[in-house]
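Chemist:
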Amino acid sequence: MTNSSVQSSKLTRLTTHKASRDLRELAIHIVLFLAGFSCVATTIAIMYILILESTYFFQHISIVEFLTSSDWSPLFDPPGYGILPLVAGTVTTTLVALFVAVPLGTIAAIYLSEFASAKLREIVKPILELLAGIPTVVYGYFALLFVTPLLQWLYSFPAPLLSTWLPNLFPLELAGFNMLGPGIVMGLMITPLISSISEDAMRAVPVSLREGSFAMGATRLQTAIKVVFPAAFSGISAAYILGISRAVGETMIVAVAAGLQPNLTFNPLDSAATITAYIVQVSLGDLPHGTIEYQTIFAAGLTLVLFTLLCNIIGYFLSRRFREIY
Amino acid sequence: MVEKVSTSLSSLSMLQPKAEVRNLNFYYGATQALKQINLVVPEKRVTALIGPSGCGKTTLLRCFNRMHDLYPGNRYEGEILLDRINILERRVDPIAVRMRVSMVFQRPNPFPKSIYENVAYGLRVQGLLKRDFIDHQVEQSLRSAALWDEVKDRLKDSALNLSGGQQQRLCIARALATEPELILFDEPTSALDPIATSSIEDLMSQLKQQVTILIVTHSMQQAARLSDYTAFMYLGEMLEFNQTTTLFNQPLHQQTEDYVRGRFG
Amino acid sequence: MAQTDSAPPDLLAVQGSVSQRQLQDGLFAIVGLLTILVATIILLALVLQLAIQGFPRLTWQFFTSFPSSEWQQAGILSAWIGSALVMLVTAAIAVPLGVAAGIYLEEYARKNWLSALIEINVTNLAGVPSIVYGLLALGFFNDLLKLGESILTAGLTLALLILPIVIVTTREALRAIPNSLREAAYALGASRWQMIWDHILPYASGSILTGVIIGLSRAIGETAPLITIGALTFIAFLPPAPIQPSFPYISLEWLQAPFTVLPIQMFNWVSRPEPEFQINAAAAGTVLIGMTLAMNGFAIYLRYRFRRGVKW
Ligand SMILES: Nc1ncnc2c1ncn2[C@@H]1O[C@H](COP(=O)(O)OP(=O)(O)OP(=O)(O)O)[C@@H](O)[C@H]1O
Ligand SMILES: [Mg+2]
Numbered sequence: 005m006t007n008s009s010v011q012s013s014k015l016t017r018l019t020t021h022k023a024s025r026d027l028r029e030l031a032i033h034i035v036l037f038l039a040g041f042s043c044v045a046t047t048i049a050i051m052y053i054l055i056l057e058s059t060y061f062f063q064h065i066s067i068v069e070f071l072t073s074s075d076w077s078p079l080f081d082p083p084g085y086g087i088l089p090l091v092a093g094t095v096t097t098t099l100v101a102l103f104v105a106v107p108l109g110t111i112a113a114i115y116l117s118e119f120a121s122a123k124l125r126e127i128v129k130p131i132l133e134l135l136a137g138i139p140t141v142v143y144g145y146f147a148l149l150f151v152t153p154l155l156q157w158l159y160s161f162p163a164p165l166l167s168t169w170l171p172n173l174f175p176l177e178l179a180g181f182n183m184l185g186p187g188i189v190m191g192l193m194i195t196p197l198i199s200s201i202s203e204d205a206m207r208a209v210p211v212s213l214r215e216g217s218f219a220m221g222a223t224r225l226q227t228a229i230k231v232v233f234p235a236a237f238s239g240i241s242a243a244y245i246l247g248i249s250r251a252v253g254e255t256m257i258v259a260v261a262a263g264l265q266p267n268l269t270f271n272p273l274d275s276a277a278t279i280t281a282y283i284v285q286v287s288l289g290d291l292p293h294g295t296i297e298y299q300t301i302f303a304a305g306l307t308l309v310l311f312t313l314l315c316n317i318i319g320y321f322l323s324r325r326f327r328e329i330y
Numbered sequence: 002m003v004e005k006v007s008t009s010l011s012s013l014s015m016l017q018p019k020a021e022v023r024n025l026n027f028y029y030g031a032t033q034a035l036k037q038i039n040l041v042v043p044e045k046r047v048t049a050l051i052g053p054s055g056c057g058k059t060t061l062l063r064c065f066n067r068m069h070d071l072y073p074g075n076r077y078e079g080e081i082l083l084d085r086i087n088i089l090e091r092r093v094d095p096i097a098v099r100m101r102v103s104m105v106f107q108r109p110n111p112f113p114k115s116i117y118e119n120v121a122y123g124l125r126v127q128g129l130l131k132r133d134f135i136d137h138q139v140e141q142s143l144r145s146a147a148l149w150d151e152v153k154d155r156l157k158d159s160a161l162n163l164s165g166g167q168q169q170r171l172c173i174a175r176a177l178a179t180e181p182e183l184i185l186f187d188e189p190t191s192a193l194d195p196i197a198t199s200s201i202e203d204l205m206s207q208l209k210q211q212v213t214i215l216i217v218t219h220s221m222q223q224a225a226r227l228s229d230y231t232a233f234m235y236l237g238e239m240l241e242f243n244q245t246t247t248l249f250n251q252p253l254h255q256q257t258e259d260y261v262r263g264r265f266g
Numbered sequence: 016m017a018q019t020d021s022a023p024p025d026l027l028a029v030q031g032s033v034s035q036r037q038l039q040d041g042l043f044a045i046v047g048l049l050t051i052l053v054a055t056i057i058l059l060a061l062v063l064q065l066a067i068q069g070f071p072r073l074t075w076q077f078f079t080s081f082p083s084s085e086w087q088q089a090g091i092l093s094a095w096i097g098s099a100l101v102m103l104v105t106a107a108i109a110v111p112l113g114v115a116a117g118i119y120l121e122e123y124a125r126k127n128w129l130s131a132l133i134e135i136n137v138t139n140l141a142g143v144p145s146i147v148y149g150l151l152a153l154g155f156f157n158d159l160l161k162l163g164e165s166i167l168t169a170g171l172t173l174a175l176l177i178l179p180i181v182i183v184t185t186r187e188a189l190r191a192i193p194n195s196l197r198e199a200a201y202a203l204g205a206s207r208w209q210m211i212w213d214h215i216l217p218y219a220s221g222s223i224l225t226g227v228i229i230g231l232s233r234a235i236g237e238t239a240p241l242i243t244i245g246a247l248t249f250i251a252f253l254p255p256a257p258i259q260p261s262f263p264y265i266s267l268e269w270l271q272a273p274f275t276v277l278p279i280q281m282f283n284w285v286s287r288p289e290p291e292f293q294i295n296a297a298a299a300g301t302v303l304i305g306m307t308l309a310m311n312g313f314a315i316y317l318r319y320r321f322r323r324g325v326k327w
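Protein chains in written order, with my numbering: chain A, 5 to 330; chain B, 2 to 266; chain C, 16 to 327.
1. What's the C-alpha gap between A236 of chain A and L134 of chain A?
2. So, using beta-carbon positions, are L154 of chain A and L273 of chain A closer together than 7 Å?
3. Identify every run of the alpha helix (DSSP H) within the region 49-110 of chain A, keeping only runs that are complete inside it and at least 4 residues long; order them along the chain.
4. Which whole-angstrom value describes the C-beta separation of G154 of chain C and F302 of chain A, a residue pair presumed to lie in contact below a C-beta threshold of 8 Å?
5. Do the region 174-193 of chain A and the region 203-212 of chain A meet, that is, are 3 or more Cβ pairs less than 8 Å apart?
6. Using a Cβ cut-off of 7 Å, pull out every chain A residue sitting near Y201 of chain C, in sequence order please.
7. Please compile the residues from chain C whose C-beta is within a distance smaller than 8 Å of the C-beta of T255 of chain A.
8. Exposed or buried, which one is A23 of chain A when buried takes at least 16 other CB atoms within 10 Å?
9. Can you name, in chain order, every residue of its own chain whose Cβ lies under 6 Å from the Cβ of T96 of chain A, other than the five neighbours on each side?
10. Which bits of chain A does V137 of chain C rub up against, with CB to CB less than 7 Å?
11. Which residues, in chain order, does the region 118-152 of chain B contribute to contact with chain C at a C-beta distance below 7 Å?
12. So, helix, strand or coil for A17 of chain C, using DSSP?
13. Over what stretch of residues does the alpha helix (DSSP H) that includes P195 of chain B continue unbroken?
14. Using only alpha-carbon positions, find the residue among A:N316, A:V309, A:A304, A:I296 that is nearest to F61 of chain A.
15. DSSP on P255 of chain C, reduced to helix/strand/coil?
16. Going by DSSP, what residues sit across from M239 of chain B in a beta bridge?
17. Does R125 of chain C come within less than 7 Å of chain A when only Cβ atoms are used?
18. Taking 7 Å as the threshold (beta carbon to beta carbon), is L231 of chain C in contact with chain A?
19. Using CA coordinates, which residue listed in A:M256, A:V189, A:S121 is at the minimum distance from Y282 of chain A?
20. Once the 5 residues before and after T301 of chain C are set aside, which same chain residues still bring their CB inside 7 Å of it?
21. For G221 of chain C, decide whether its Cβ has a neighbour in chain B, counting only Cβ atoms nearer than 7 Å.
22. Could you name the residues of chain C that G100 of chain B contacts, counting a contact when the two beta carbons are closer than 7 Å?
23. Would you check whether ligand 2 has a heavy atom nearer than 6 Å to the C-beta of T59 of chain B?
24. Is any beta-carbon of chain B found at less than 7 Å from that of L196 of chain C?
25. In chain order, what residues of the same chain lie with their CB nearer than 7 Å to the CB of P144 of chain C, ignoring the 5 residues before and after it?
26. Please report how far the alpha carbon of Q17 of chain B lies from the alpha carbon of P217 of chain C, in whole angstroms.
27. When you compare each of A:T72, A:G137, A:I245, A:F37 to L303 of chain C by their alpha carbons, which one comes out closest?
28. Let me know the secondary structure DSSP gives G180 of chain A once reduced to three states.
29. With DSSP run on the structure shown, which of helix, strand or coil describes M220 of chain A?
30. Strictly below 9 Å CB to CB, what residues from chain B border Y119 of chain C?
31. Is it buried or exposed for M220 of chain A, if we count other Cβ within 10 angstroms and need 16 for buried?
32. Under the three-state reduction of DSSP, which class applies to F27 of chain B: helix, strand or coil?
33. Where does G137 of chain A fall in DSSP's three states?
34. Who does Q33 of chain B pair with in a DSSP beta bridge?
35. Along the region 85-103 of chain A, what residues have a CB closer than 8 Å to any CB found in chain C?
36. Which residues in the same chain have their Cβ closer than 6 Å to the Cβ of A105 of chain A, if we skip the five residues on either side of it in sequence?
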């Protein structure tokens, strides 16, 4: 009895519901596709806005001046529109950060991947992740109020000596706003990023390679440095590149602690503004939309995006290469 | 070769065929996995598919419920008649086919839901939502799958808490709930221990009272114990199809003989 | 002992170098451990110092007062309510959009240039500096769409910012579901969407939730893009309540209200020259850290639980 009821209801339903089902499935497919496409749309929107406003900007300011002038003072009279001081600030803080993050991150990655017990790894990795998740404005606070005073104190010992020796490079006192403090803090912040991506790359190296090295009598450290590190190098360098792109795009730490003065210098002891900090500074003021000063932040933003795009592309190919090998 | 299959089939001609495969070719992209397959699946009997690894048993089985449609690049040629309708035809809805042809997989794959929901899912998909009816079908299917007594007090428990053999019986109950006309088994006991295996074999011999069964197996003993008819496949071709006793005792082909006598890899 | 005595001389030499190599290994193990400890301890010390500085300010009054030019009267009422409302909008946009995009990429997209394009964009957007999203919001939501310097603009901006995180974790979660479950559903006659809705999504929901929380914890600390769209730093009023006493009871006016958020409030205080306000900044920072740590910690716990709990 149930048998026949299932069968008969089945027959009618199978024939009648197909069309509506197919329609529903198609509609869902389209909606989901549009959601996926929203990423492409976002990219297009970003590029559109940046290029649009930048074109207005470049109608007034020549690209040559923008790229070569060493004076960035759009808000002064007469204004200067050379991006070099901002680039210098960005490069310097990034270099300081890398100086901290690359060794720390690499050593931590080698240790976690080749030496540490699984248990230690399980404890350390979440802690690093947690620390990397702290809002950057808080890191800026650390840089301004804890790290810089500490550096000032440390600097006070060699300062008399250094400043008589090379007075142009070493000031008598470390200023309250400088690039060293935020650079170091930024380095600490991106260390977990570098170590966790590098560690993934090293752990993707097949055990057989390691065993080959152990079999030849190499120690763990020798194996790690001579076998695992080179084998994972493209993945590790992708981690470095990501670190760079992160440091270049970092805003709040430098905005809080590096001062907001554009300053064409590569001396980390000086205060300076980065590209990102400049955008923040302008946004904090009350600039009327459509003015050239307002458009400068889009030109600065375009520079930033092109740079990180380059990083991403390099990182993409590097990490793809390291995926291909195994 | 096709000739021989048809001669051996002539002795089976009085059978009521539930499904019939005619000149079936199947391609995974550019590689042909099935070549000119002909086969009759007799109604309310157990038909076994045997053959060395990689010969295309799973591929053939999955043609019967159009599972290959799920992946791009797969292509069928030829016919599979289910009650005289060619289910490989374009205008046939693969979902409708799957509602009539159930499948039990090699490894138990219950949904991580309650036991009850596992069995009820096929009915829900078909839009049968009456609570009494679903309750009734769930109980019936679990009884048929010889699982009712073990789980009747914990139908709301997660199916993942069952043992491997129980899980596979649950998957069978799930396949039974929609009262399919044909059930496909792909090595249903290969992931199970001997005790669970024998309980599933018992189950299948009872089930053939109600439904038609097509089963892929690697165990000659299982094929011999369980099936009424056996098809031997070799390198994507259907080499021999006959009553199980005949195929095992008087194989027509050297390869069949080697295989059933265990001289094959 | 006896063995070393009787061993031939060159083997002894090898042993010498072995112990030296073991020493190297041991040394590196110590250096590695120290590196990690030092980095972690420095950061933890900074967090702790911040908390110690800010803790005395964490009074009821601090949470229930508007900003003020008197540091002792200043509080974070408008900031935390602003943060909460912005998060609400962010989640309401990023979760459906990101999960849908993840489903599309993982379950629907065939391998072709279009899906490759989408994938490249997801990866790329994940690397775009957050301040650029601020510029997008300023130029697009604010200027072109005229949404104003509102909670809606902020929520949209942060939603786009965390979209890649939600998409990537959704994809990972879906990929972790074994194909056998998909086939089981299909074999019973489920359509693709039924398979996804009835099975894949519920089974992946825990891991997706993890990603959503991580994304939101990132969004709640974001400062730069909201400064760019002109979030005000001094807001001494609350947005209109979403629930009204009279018909139609629900009001969406708050979406258009100006706002501030916690990190911006903190930034404002940090930038003040008066050192007393740094204490307020520390207190706001403590709240902020507490929230992100709680969210991230919950996410890590969830991930741990789902990894442990599920055996297919
Ligand atoms: N998805 C696929 N894409 C391409 N080729 C496939 C695919 N699945 C199976 N094949 C190939 O098709 C042939 C038949 O495979 P099939 O899985 O049907 O064999 P089988 O008889 O079930 O083997 P086994 O007994 O090992 O399960 C094999 O050569 C196999 O490599
Ligand atoms: Mg098989």
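Note that the Cβ used here is the ideal one computed from N, Cα and C, for glycine as well. Model, not experiment: these values are computed from the prediction.
Modeler: In short, the structure shows the following:
1. 26 Å
2. no
3. 67-72
4. The distance from the Cβ of G154 of chain C to that of F302 of chain A is about 7 Å, consistent with a contact at the 8 Å cut-off.
5. no
6. Simply none; closest approach about 13 Å.
7. P144, S145, I146, T238, A239
8. exposed
9. M183, F270, P272
10. C43
11. Residues of the region 118-152 of chain B with a C-beta atom less than 7 Å from some C-beta of chain C are Y122, G123, V126, Q127, listed in chain order.
12. Unreliable placement is indicated for A17 of chain C, whose pLDDT of 41 sits below 50; no coordinate value is reported for it.
13. 195-208
14. Looking only at A:N316, A:V309, A:A304, A:I296, the smallest Cα-Cα distance to F61 of chain A is reached by A:I296.
15. coil
16. According to DSSP, which records beta bridges pairwise, M239 of chain B is partnered with B:M234.
17. Not flagged as an interface residue toward chain A: R125 of chain C, since no C-beta distance is shorter than 7 Å.
18. no
19. A:M256
20. L65, A66, G69, F70, L73
21. When Cβ-Cβ separations below 7 Å define contact, G221 of chain C makes no contact with chain B.
22. Looking at the sequence itself, residue 100 of chain B is Met, so the reference to Gly does not match. The contacting residues are G204.
23. Checking every heavy atom of ligand 2 against the Cβ of T59 of chain B, one is found closer than 6 Å.
24. At least one CB atom of chain B sits nearer than 7 Å to the CB of L196 of chain C.
25. none
26. 43 Å
27. Of the candidates A:T72, A:G137, A:I245, A:F37, the one whose C-alpha sits nearest the C-alpha of L303 of chain C is A:G137.
28. coil
29. Residue state, collapsed to three classes: coil.
30. Residues of chain B with a Cβ closer than 9 Å to the Cβ of Y119 of chain C do not exist, since the nearest Cβ in that chain sits about 16 Å away.
31. exposed
32. strand
33. DSSP places G137 of chain A in the coil class of the three-state scheme, outside both helix and strand.
34. B:Y28
35. none
36. G191, I194, T195, I198, G247
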